[in-house]
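Novice:
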Amino acid sequence: MSEVGLKEIEKKASGESVPSKAGFLRRIPWSSIGMPAVLVILCVSFGTINPNFWSVMNVTNVSRQISILALISIGQTFAILSAGIDLSVGSLLALVSVVCAQQMLNFGLWGGIAAGILVGAFAGLINGLLIAKAKLPAFIATLAMLITARGVALTLSGGLPIVGLPHEFLFLGGGKIGPIPVPAVIAAVALFIAHLILKRTRFGRYVYAMGSNEEAAMLSGINVVRNKIMVYVVSGTCAGIAGVVLTSRVISGQPTLGEVQELYAIAAVVIGGGKITGGVGGIWQTLMGVIILGVLANGLNLIEVSSYVQNIVIGVIIIFAVYIDLARERRR
Amino acid sequence: MSLEEVRPFVEMRRIVKHFPGVLALKGVDLDVRPAEVHVLLGENGAGKSTLIKVLSGVYPADSGEICFEGKPVHIRSPHDSQKLGVSTIYQEFNLVPEMSVAENIFLGREPLLNRQLGILDRKGLLVQAREVLSKFDIHVPPETVVKRLGVAEQQMVEIAKALSLNAKVIVMDEPTAVLTSREIDHLFKMIQDFKQRGISIVYISHRLEEVKRIGDRATVLRDGNVVGTVQVANTPIDELIRMMVGRDLKDKFPKSRVEPGEEILRVENLRRKGVLHGVSFHLRRGEILGVAGLVGSKRTEMARAIFGADKFDSGEITVRGKRAEIKSPSQAIRAGVALVPEDRKRHGILPSMSVKHNVTLSMLKRFARVGFLNLAKEKEAAQGHADSLRIATPNLDRWVMFLSGGNQQKAVIAKWLGTEADIFLFDEPTRGIDVGAKVEVYQLMGELVKRGAAILMISSELPEILGMSDRVIVMHEGRIAGEFTREEATQEKILGCALGGTSAQQIDLGVKA
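So the protein sequences, as listed, match chains V and Z. Using our numbering, the first residue of the first sequence is number 14, and each one after it goes up by one. Using our numbering, the first residue of the second sequence is number 1096, and each one after it goes up by one.
As structure tokens, this is what we get:
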């Protein structure tokens, strides 16, 4: 290493800033404006090619479409921030949907909704116990839950859709409050609450701490077991809410819902700038990831790119987003 | 012997190595002759490990040159240094536990039946492994899976691996730290055998009696400089100790004398199978209790047990006169105990969190109102602690990983200042931080005891132990091997005790021998 390089490192280490052009560029908070910038570019491009992109109907549609992904991505954000992962959320959508529909037929509207959310939370609790208490790797525990939950959903329903849900239930997935679709309102409220939890509560801080350095978090007096369990309960609850909304949208309990949705949720978190090894990210970042995925799917449809090709584009975007993130980190 | 053989096999000249904030090697010379056992001596942090890591290609040197058999070479990776004939056996073995002995010896160089297809020659592997093992009289069956072997046998596998690479220099980092005395005898017999075959050994050890037994020459390092290279046979042990320790440091330690108050912590008969064998001591308000001992004397394990980070089998911990049930760090914190861990990077800092969030992590309860944190109050408190410890950072939102070692350490310490803690367990509080930050840490310790706190300070730096402690306990293999008052304590006594004796006698005997 050259002398100059060393001095720079020492300066940085001692906290002095290095005034230079590169320093100026470095001071731009890329992590907070990078992805919004990408989003603006995407929107402008799609809007230019097909002006319908900006129509009220289309914007409303996009917001409705991304609500479910937004909800399960909230839980995924908690899991990934804590240096874990939740692979089960896709299957949980199906389990929640089946349980919600069946119990709604038994106990009415609110009974069904409560049962759906509770079964999601309960599955999350099991995930949390397996990970925090039994010390199973999060990947394995939630992978097992992914398979099991799908199996339970298919068993309970006999593989068939559950129909005949009360008419007023449709408001949740298909209704509007003013001009805004109800699912979007639910997602927005959930995002806001999740943001508050992460930034303004002890639990939120502990989620970041566990992801940044679990051992140090434990030695700082954080009850890692309890807080980890909470993380997966949050994720399961989000899947519960998402599952209920989705059930309303498809007007039936469906045991086949949500396949590979967990992977899109993970993609949303990392595209936004969340680090898969934990400790870095947040609701705002995840929301960016969710909107980018939603806008891509919608925009590519509008400009008549086949859904086959859309998958290719999304794959490339994931690599690109994470690579940019890594490059930025290396430069620090 | 021909002239060529007398010439050093390896020469390192004016080796300089920086780490951010620390100058680890300040122009070190080392030459290793063929067929000699060359001992590296020095206190922890003197630069021994850095030097061998430069030799074995783990770290590139910033400047200086390395010659093999008189020819300058560039070592850029461990692979380069292996090709030149240097093999290093670290304290942490580099073995794949699930693979067999033979597979480990030839890892990456497996004999092949078919080169194009990469098909392994499983029989040939065993045959070749057996050859290496029997040539050097190593009795380990080559088909055994490594994880089933004991520590000594695993070490033999490492040595066999080095030998199969045709090593001309084998570097051993504290090889006897984990061995029983019979295993040590066996190792030393092997080392004699290597010498006969013309292989040189670079040997790092803290155990001076061993150095006397097998060393030919010794190079003593201190603070990244070479103090001298001596013939072991002509140098008494106390001379070696003086070279290692060397400086008069009492005034580098701003020690404030506080009259010790009532007993605040009592540990009785703390036991954990294979680790702690009945540790008992007490600690009083206003007191700094130094804990000396060699690496591996289980001082860290003791501190972690008291803090509730590790379980223990039996023993009693009494805090402020009341028996304390400490089963987790959060219980310890509630009891007023704080731990500043030894390994800052692994156990201390939360690297991707801001300075502010690191500092306030253990005191968040104070800022919580109906579940929500008062961020303004949090910031104010963090600013206060950062200022009082003079943490050098452009702002409190900077990730702690971008601070220097000393400032990171201050952030770790600051974490406890806002809690109710008055029993501080400092584990190597000044390791890897520069002199200026060290003095600041010492001053802080002084302020803490003046306020009535008590400090248990584990340190491997004897001057620090002597300079800061009111009382010193010495640990050896999970036991308290001795206790000294500030007035009684000397480097010789502590070192003798830490090496396994109970007094300075052993050192005296060593000198006479």
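Where is the CB? At the ideal position from N, CA and C, for every residue including glycine.
Considering only C-alpha positions, which residue in the set V:324, V:335, V:307 is nearest to residue 56 of chain V?
Specialist: Working through the first sequence from its first residue, we reach residue 56 of chain V at position 43. The candidate whose alpha carbon is nearest that of residue 56 of chain V is V:307.
Novice: So residue 1443 of chain Z and residue 134 of chain V are in contact, right, with Cβ under 8 Å, and what is the actual spacing, rounded?
Specialist: Within the second sequence, the letter at position 348 stands for residue 1443 of chain Z. Within the first sequence, the letter at position 121 stands for residue 134 of chain V. Wrong, their Cβ atoms sit about 35 Å apart, outside the cutoff.
Novice: Would you kindly work out how many angstroms separate the C-alpha atoms of residue 320 of chain V and residue 277 of chain V, rounded to a whole number?
Specialist: Within the first sequence, the letter at position 307 stands for residue 320 of chain V. Within the first sequence, the letter at position 264 stands for residue 277 of chain V. C-alpha separation (whole angstroms): 15 Å.
Novice: Going by DSSP, which residues form a beta bridge with residue 1378 of chain Z?
Specialist: For the purposes of this step, residue 1378 of chain Z is taken as residue 283 along the second sequence, with counting starting at 1. BP columns for residue 1378 of chain Z point to Z:1360.
Novice: Tell me which same chain residues have a C-beta within less than 8 Å of the C-beta of residue 1191 of chain Z, skipping the five on either side of it?
Specialist: Residue mapping note: residue 1191 of chain Z aligns to position 96 of the second sequence, counting from 1. Closer than 8 Å at Cβ, skipping near neighbours: 1198, 1199, 1202, 1241.
Novice: Taking any Cβ of chain Z, which residues in the region 229-240 of chain V have a Cβ under 8 Å from it, in chain order?
Specialist: Residues passing the 8 Å Cβ filter: 229, 230, 231, 232, 233, 234, 235, 236.
Novice: Per DSSP, what kind of secondary structure is residue 118 of chain V in: helix, strand or coil?
Specialist: What you label residue 118 of chain V is simply residue 105 of the first sequence in a count that begins at 1. Helix, per DSSP.
Novice: Under three-state DSSP, which class holds residue 1174 of chain Z?
Specialist: For the purposes of this step, residue 1174 of chain Z is identified with residue 79 of the second sequence, where counting begins at 1. Helix at residue 1174 of chain Z.
Novice: Considering only the beta carbon of each residue, do residue 1509 of chain Z and residue 1454 of chain Z sit closer than 8 Å?
Specialist: To locate residue 1509 of chain Z, count along the second sequence from 1; it is residue 414. To locate residue 1454 of chain Z, count along the second sequence from 1; it is residue 359. In contact: residue 1509 of chain Z and residue 1454 of chain Z (Cβ atoms closer than 8 Å).
Novice: Looking at residue 1582 of chain Z and residue 1566 of chain Z, is the spacing between their C-beta atoms short of 8 Å?
Specialist: What you label residue 1566 of chain Z is simply residue 471 of the second sequence in a count that begins at 1. What you label residue 1582 of chain Z is simply residue 487 of the second sequence in a count that begins at 1. In this structure, residue 1582 of chain Z does not lie closer than 8 Å to residue 1566 of chain Z by Cβ.
Novice: Leaving out five residues on either side along the sequence, give the residues of the same chain with a beta carbon under 6 Å from the beta carbon of residue 1527 of chain Z.
Specialist: The count along the second sequence starts at 1 and reaches residue 1527 of chain Z at position 432. Excluding sequence neighbours, residue 1527 of chain Z sits near 1500.
Novice: So with CB distances below 7 Å, who are the chain Z contacts of residue 293 of chain V?
Specialist: For this step, residue 293 of chain V is matched to residue 280 along the first sequence. Simply 1447.
Novice: When the Cα atoms are used, what is the spatial distance from residue 1386 of chain Z to residue 84 of chain V?
Specialist: Reading the second sequence from its first residue, position 291 is the one you call residue 1386 of chain Z. Reading the first sequence from its first residue, position 71 is the one you call residue 84 of chain V. If you take the alpha carbons of residue 1386 of chain Z and residue 84 of chain V, they lie about 53 Å apart.
Novice: Beta carbon of residue 1127 of chain Z, beta carbon of residue 1297 of chain Z: below 8 Å?
Specialist: Here residue 1127 of chain Z refers to the residue found at position 32 when the second sequence is read from its first residue. Here residue 1297 of chain Z refers to the residue found at position 202 when the second sequence is read from its first residue. Taking 8 Å as the Cβ cut-off, residue 1127 of chain Z and residue 1297 of chain Z qualify as a contacting pair.
Novice: Taking Cβ positions only, does residue 1095 of chain Z come closer than 8 Å to chain V?
Specialist: Look at the range of chain Z in this structure, 1096 to 1608, and you will see that residue 1095 of chain Z is not part of it.
Novice: Which residue spans inside the region 1416-1455 of chain Z form an unbroken alpha helix (DSSP H) run of at least 4?
Specialist: With a minimum length of 4 residues, the continuous alpha helix (DSSP H) runs that stay inside the region 1416-1455 of chain Z are 1424-1429, 1450-1455.
Novice: Where does residue 1158 of chain Z fall in DSSP's three states?
Specialist: The residue labelled residue 1158 of chain Z in the question sits at position 63 within the second sequence. Of the three classes helix, strand and coil, the one that applies to residue 1158 of chain Z here is strand, per DSSP.
Novice: Pick from V:73, V:168, V:140, V:70: whose alpha carbon is nearest that of residue 115 of chain V?
Specialist: As a first step, residue 115 of chain V is located in the first sequence; it is residue number 102 there, counting from the start. Comparing Cα-Cα distances from residue 115 of chain V to each of V:73, V:168, V:140, V:70, the minimum goes to V:168.
Novice: When the distance is taken between beta carbons, is residue 178 of chain V closer than 8 Å to residue 81 of chain V?
Specialist: Against the first sequence, residue 81 of chain V aligns to sequence position 68. Against the first sequence, residue 178 of chain V aligns to sequence position 165. Cβ atoms of residue 81 of chain V and residue 178 of chain V: not closer than 8 Å.
Novice: If you run the structure through DSSP and keep just helix, strand and coil, what is residue 1185 of chain Z?
Specialist: The residue you call residue 1185 of chain Z lines up with position 90 of the second sequence. DSSP places residue 1185 of chain Z in coil when its eight states are reduced to three.
Novice: Using DSSP with H/G/I as helix, E/B as strand and the rest coil, what is residue 189 of chain V?
Specialist: Start at 1 with the first residue of the first sequence, and residue 189 of chain V comes out as number 176. Residue state, collapsed to three classes: strand.
Novice: Compare the C-beta of residue 214 of chain V against all C-beta atoms of chain Z and say whether one is closer than 8 Å.
Specialist: In the first sequence, the residue the question calls residue 214 of chain V occupies position 201. Yes, residue 214 of chain V lies at the interface with chain Z (some Cβ there is under 8 Å from its Cβ).
Novice: Please identify, using Cβ separations under 7 Å, the residues of the region 1186-1218 of chain Z that lie next to chain V, in order along the chain.
Specialist: Those residues of the region 1186-1218 of chain Z that come within reach of chain V (Cβ to Cβ, closer than 7 Å) do not exist; the list is empty.
Novice: Report yes or no: do the region 1468-1475 of chain Z and the region 1392-1409 of chain Z share at least 3 C-beta pairs separated by less than 8 Å?
Specialist: No, they do not touch.
Novice: Go ahead and label residue 17 of chain V buried or exposed: buried means 16 or more other beta carbons lie within 10 angstroms of its beta carbon, across all protein chains shown.
Specialist: The count along the first sequence starts at 1 and reaches residue 17 of chain V at position 4. Reliability fails at residue 17 of chain V, whose pLDDT of 39 lies under 50, so the model's placement of it is uncertain and the value that follows must be treated cautiously. Its Cβ having fewer than 16 others within 10 Å, residue 17 of chain V is exposed.
Novice: Is the Cβ of residue 1430 of chain Z closer than 8 Å to any Cβ of chain V?
Specialist: Against the second sequence, residue 1430 of chain Z aligns to sequence position 335. No, residue 1430 of chain Z does not count as interfacial toward chain V.
Novice: If we define contact as Cβ-Cβ less than 8 Å, is residue 96 of chain V a contact residue for chain Z?
Specialist: By 1-based counting over the first sequence, the position of residue 96 of chain V is 83. Not closer than 8 Å to any Cβ of chain Z, the Cβ of residue 96 of chain V fails to qualify, so no.
Novice: Going by the beta-carbon positions, is the gap between residue 1613 of chain Z and residue 1130 of chain Z smaller than 8 Å?
Specialist: Outside the modelled stretch of chain Z, which goes from 1096 to 1608, sits residue 1613 of chain Z, for which no answer is possible.
Novice: Flag this pair as yes or no: are the beta carbons of residue 79 of chain V and residue 279 of chain V separated by less than 8 Å?
Specialist: Start at 1 with the first residue of the first sequence, and residue 79 of chain V comes out as number 66. Start at 1 with the first residue of the first sequence, and residue 279 of chain V comes out as number 266. No. Outside cutoff.
Novice: Rounded to whole angstroms, what's the CA-CA distance from residue 222 of chain V to residue 156 of chain V? Just pull it up for me.
Specialist: Along the first sequence, one-based indexing puts residue 222 of chain V at 209. Along the first sequence, one-based indexing puts residue 156 of chain V at 143. Approximately 25 Å between the Cα atoms of the pair.
Novice: Leaving out the 5 sequence neighbours to the left and right, which residues in its chain are closer than 7 Å to residue 1261 of chain Z when beta-carbon positions are compared?
Specialist: For the purposes of this step, residue 1261 of chain Z is taken as residue 166 along the second sequence, with counting starting at 1. Once the five neighbours on either side are set aside, the close Cβ partners of residue 1261 of chain Z are 1180.
Novice: Following the continuous beta strand (DSSP E) through residue 1209 of chain Z, name the residue where it begins and the one where it ends.
Specialist: Looking up residue 1209 of chain Z in the second sequence gives position 114. 1207-1209 is the span of the beta strand (DSSP E), which, as asked, contains residue 1209 of chain Z.
Novice: Given residue 1167 of chain Z, which residues of its chain have a CB within under 8 Å of its CB, disregarding the five upstream and five downstream residues?
Specialist: Taking the second sequence and counting its residues from 1, the one referred to as residue 1167 of chain Z is at position 72. For residue 1167 of chain Z, where only same-chain residues beyond five positions count, the Cβ hits under 8 Å are 1160, 1161.
Novice: With a threshold of 6 Å on Cβ separation, who are the neighbours of residue 126 of chain V within its own chain once the five nearest residues in sequence on each side are excluded?
Specialist: Taking the first sequence and counting its residues from 1, the one referred to as residue 126 of chain V is at position 113. Counting only Cβ-Cβ distances below 6 Å, and skipping sequence neighbours, we find 257.
Novice: Output the distance between the C-alpha atoms of residue 1118 of chain Z and residue 1112 of chain Z, rounded to the nearest integer angstrom.
Specialist: Here residue 1118 of chain Z refers to the residue found at position 23 of the second sequence. Here residue 1112 of chain Z refers to the residue found at position 17 of the second sequence. For residue 1118 of chain Z and residue 1112 of chain Z, the distance between alpha carbons rounds to 6 Å.
Novice: So, using beta-carbon positions, are residue 323 of chain V and residue 310 of chain V closer together than 8 Å?
Specialist: Counting from 1 along the first sequence, the entry for residue 323 of chain V is found at position 310. Counting from 1 along the first sequence, the entry for residue 310 of chain V is found at position 297. Against a cut-off of 8 Å, the Cβ pair of residue 310 of chain V and residue 323 of chain V comes out as a contact.
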